[in-house]
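Below is one structure, written out as structure tokens; comments come after it.
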Amino acid sequence: MTAVQEETVAEPIRVMLAKIGLDGHDRGVKVVARTLRDAGMEVVYTGLHRRPEQVVEAAVQEDVDILGISLLSGAHMPIFTRLFDLLAQLDEPHRFAIVAGGVMPDEDETELKQMGVGAVLGQDSTPESIVAEIRSLAGR
Amino acid sequence: MADDNTRRSERGIARLTTDALARAVTDELADWERTELAAFTARRPETRESYLSGSGLPVRRVYTPADLPADWSDIGLPGRYPFTRGPYPTMYRGRTWTMRQIAGFGQAEETNQRFRYLIAQGQTGLSVDFDMPTLMGLDSDDAMSLGEVGREGVAIDVLPDMEALFESINLEDISVSMTINPSAWILLAMYVAVAERRGYDLNKLSGTIQNDILKEYVAQKEWIFPVRPSMRIVRDTIVYCSQHMARYNPVNISGYHISEAGANAQQEIAFTMAITKAYVEDVVATGVDVDAFAPRLSFFFVSQADIFEEVAKFRAVRRYYAKMMREHFGARSPESMRLRFHAQTAAATLTKPQPMNNIIRTALQALSAVLGGAQSLHTNGLDEAYTIPSEQAMKIALRTQQILADETGVTSVIDPLGGSYYVENLTCELERGIDDHMRKIEELGGVEAAIEQGFFQREISDTAYDFARRKANGDRPVVGVNKYIDEGEPEKIETHQLDPASEARQIARLEQIRADRAPDRATAALEQLLAVAKDDSANLMPATIEAVKAHLSMGEITGALREVFGSYTETPVF
Chain E
1 MTAVQEETVA EPIRVMLAKI GLDGHDRGVK VVARTLRDAG MEVVYTGLHR
51 RPEQVVEAAV QEDVDILGIS LLSGAHMPIF TRLFDLLAQL DEPHRFAIVA
101 GGVMPDEDET ELKQMGVGAV LGQDSTPESI VAEIRSLAGR
Chain W
1 MADDNTRRSE RGIARLTTDA LARAVTDELA DWERTELAAF TARRPETRES
51 YLSGSGLPVR RVYTPADLPA DWSDIGLPGR YPFTRGPYPT MYRGRTWTMR
101 QIAGFGQAEE TNQRFRYLIA QGQTGLSVDF DMPTLMGLDS DDAMSLGEVG
151 REGVAIDVLP DMEALFESIN LEDISVSMTI NPSAWILLAM YVAVAERRGY
201 DLNKLSGTIQ NDILKEYVAQ KEWIFPVRPS MRIVRDTIVY CSQHMARYNP
251 VNISGYHISE AGANAQQEIA FTMAITKAYV EDVVATGVDV DAFAPRLSFF
301 FVSQADIFEE VAKFRAVRRY YAKMMREHFG ARSPESMRLR FHAQTAAATL
351 TKPQPMNNII RTALQALSAV LGGAQSLHTN GLDEAYTIPS EQAMKIALRT
401 QQILADETGV TSVIDPLGGS YYVENLTCEL ERGIDDHMRK IEELGGVEAA
451 IEQGFFQREI SDTAYDFARR KANGDRPVVG VNKYIDEGEP EKIETHQLDP
501 ASEARQIARL EQIRADRAPD RATAALEQLL AVAKDDSANL MPATIEAVKA
551 HLSMGEITGA LREVFGSYTE TPVF
């Protein structure tokens, strides 16, 4: 958390939710979008079939606190690898926290967290726990 | 309900309940509520204020003859209009349902091995799952295919992939279902090309392509072109099959994905019927007689967790369809009015914690499908919430069906829940619910207009959100997730491991085939395809068959056609 963000604590948390690749499963991401919106956050949802480059660029432009990527296609490891490569090239690689959501084997969850993913949400995450995770990652 | 009974019986149709019995039962029920029930609940109240079905319909404590539909003609006999009880007169006595476990991963050769394993285990039909690039009409070497090649299904780019997929499997002996939508017509063209090369009679091939593009815009979200040209492609496949492939189902109209995207049982069947109506209207508009193609329309529904509502759902949609085909479209052949469906148990109900519980969930859902009269069935693997199924998980799922078929006696009697006060009443309610939704969709201007306005998408997203809330507050118990939670280390299960070299092998093969093909034939085939695409009254199928024979890849075909048809982008609603 930077000092600037601490001063603007009344500002709502800004979240971008994204679908990358060809995966069309959007039930979960939409439930999360509404849950966060109902909790008072500002939510931008990219829609389907985005490329990693587009998502990173949009997240920077929107100046978000959290970037959530939903993947149920099983392609999460290659896609997150590419995403973190792109993030590493930014001037501020850690300007927003990264959250993963979807169907992922346990060992992949562990690896994603080592890569830098702040939280992994699954189909059984409750709305309350999702809001709490996002607030804690955003530091407010 | 009694009033309804009276009204209907005035039409003089065979009545299920006499007015006198209905009155007597209603009186007794009122008396029972005042005495036994009141005394009992005073001592021990019921556990909930209200009771709802899986789709949220209020359900009563007990049902009686007063709740039965008025007319015997609404129930009738199996294999006869309105087909409430089943499409065939003998149902599972003649042949049990087709046990059709979907499979697909890696390269065609790997999936071919899984197919042969499943056939050896007693599976009676094949079902192919394709990877995301194939589903979206892209090649394995496309930038968007990153990480997806062979991941969720088998990768098919060119005709030789398809030949490898069915190596040593006699396609005249086994029906093959292909879960494929915007690119379905290309896969069908490849299937035809494989069959022709092997000298099969096209009219002897039985199988299905899903090819249900409208539900893609509604729910599953796999698309290439905008709605109109996509509908034209569906129309072309239906017309082609009606002329060349007498036993092939050119479209499998699917409620399954609508349900998995979050819809409830009522919305699932209502939206599916709305979509069906749109396809039939489109084909009829080209001048093809409804009886020439309607017998080959097939359906696909989920089998969810609420056992009785699911059985009622299958019965309701069979009856609604029969009436729609006869009364609205003027079908004359009974085969045009009988709805045949494949069922799959509900993947979204399966949980990652305590994965063995998923075997039980799947078995109960499979029972609903069978009591509801499914023609074929896929039972999900216990590892569904982890990844694509392991061989072990698929074997248990198949054995679940075999136990149902061979050990439980459910195959002996047709529609055994027919006549149940509750199930008959729920069947009527769900049928009425379809009608209500159909009217609303008509008011919006039909299915295409409703898609453009985000109507289906919003309805589904609302139901999904409501379900998530109810699951979170415990109103919808999920064992092992919000109830009876295990502390400590989670159970470990064996999961399917993808061969990491598969993607590179597939891309190398694709490049090799492009390099080896006759360039003149490929160029000519592509030009011909584009010319046909520009003429809306022409059929795309013959030119596509030539294109795949010329070893054009799927991505080359869809890429060129995007120039003619355009692309689709969704405006998301949530």
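Those protein sequence lines, which keep their order, are chains E and W.
Just so you know, full-length UniProt numbering puts 1 at position 1 of the first sequence, and the rest follows in order with no gaps.
Just so you know, full-length UniProt numbering puts 53 at position 53 of the second sequence, and the rest follows in order with no gaps.
Note that CB positions come from ideal geometry on N, CA and C, so glycine has one too.
In this text, all values refer to a predicted model and were calculated from it rather than measured experimentally.
Between the stretch 451-471 of chain W and the stretch 256-266 of chain W, the count of C-beta pairs closer than 8 Å reaches three or more; the two stretches touch.
Note that the C-beta distance between W/Thr387 and W/Gln365 is not below 9 Å. In this structure, W/Thr558 and W/Ile174 do not form a Cβ contact; the two beta carbons are roughly 29 Å apart against a cut-off of 8 Å. Proximity of chain E to W/Ser461 at the Cβ level (cut-off 7 Å) is accounted for by Lys30, in chain order. Residue pairing by DSSP places W/Gln344 opposite W/Val302 and W/His378 in a beta bridge.
In terms of CA proximity to W/Gly446, W/Lys277 leads the group W/Arg85, W/Lys277 and W/Ala195. Secondary structure of W/Ser254 (DSSP, three-state): strand. Annotation: Cβ neighbours of W/Tyr386 in chain E (cutoff 9 Å, chain order): Val103, Met104, Pro105 and Asp106. For E/Lys30, the enclosing alpha helix (DSSP H) stretches over residues Arg27 to Asp38. Contiguous beta strand (DSSP E) elements confined to the stretch 363-437 of chain W occur at 376-378, taking only those with 3 or more residues. Every beta strand (DSSP E) of 3 residues or more that sits fully in the stretch 96-154 of chain W is shown, in chain order, as 126-129. Assigned with DSSP and collapsed to three states, W/Val284 falls in helix. By the beta-carbon neighbour count (other beta carbons within 10 angstroms, threshold 16), W/Arg116 is exposed. Between W/His244 and W/Pro389, the beta carbon gap of about 34 Å keeps them out of contact (Cβ cut-off 8 Å).
Under DSSP, W/Gly480 takes part in no beta bridge, so it has no partner.
Looking at the backbone, the Cα of W/Arg151 and that of W/Arg114 are separated by about 15 Å. Short of 6 Å from the beta carbon of W/Tyr92, and not among the five residues preceding or following it, lie these beta carbons of its own chain, in chain order: Thr411. Within the stretch 180-248 of chain W, the beta strand (DSSP E) runs of at least 3 residues that lie entirely inside it are, in chain order, 207-209. Think of a sphere of 7 Å around the beta carbon of E/Ile79: the chain W residues whose beta carbon falls inside it are Leu146 and Gly147, in chain order.
In the DSSP assignment, E/Ser129 falls within the alpha helix (DSSP H) that extends over Pro127 to Ala138. When DSSP states are grouped into helix, strand and coil, E/Ile79 belongs to the helix group.
Taking a 10 Å sphere around the C-beta of W/Ile485, we find fewer than 16 other C-beta atoms and assign the residue as exposed. Not a single C-beta of chain E is nearer than 9 Å to the C-beta of W/Lys395.
Residue contact with chain W for E/Arg27: present (Cβ-Cβ distance below 9 Å to some residue of chain W). In this structure E/Gln61 is exposed. Its beta-carbon is surrounded by fewer than 16 other beta-carbon atoms within 10 angstroms. Taking E/Leu67 as reference, the option from E/Lys19, E/Ala132, E/Ser125 and E/Glu11 with the minimal CA-CA separation is E/Lys19. One thing to note: W/Arg361 has its Cβ no nearer than 9 Å to the Cβ of W/Leu377.
Of the other Cβ atoms in all chains shown, fewer than 16 fall within 10 Å of the Cβ of W/Phe40; this residue is therefore exposed. In this structure W/Met554 touches W/Asp157 by the C-beta definition: roughly 6 Å separates them, less than 8 Å.
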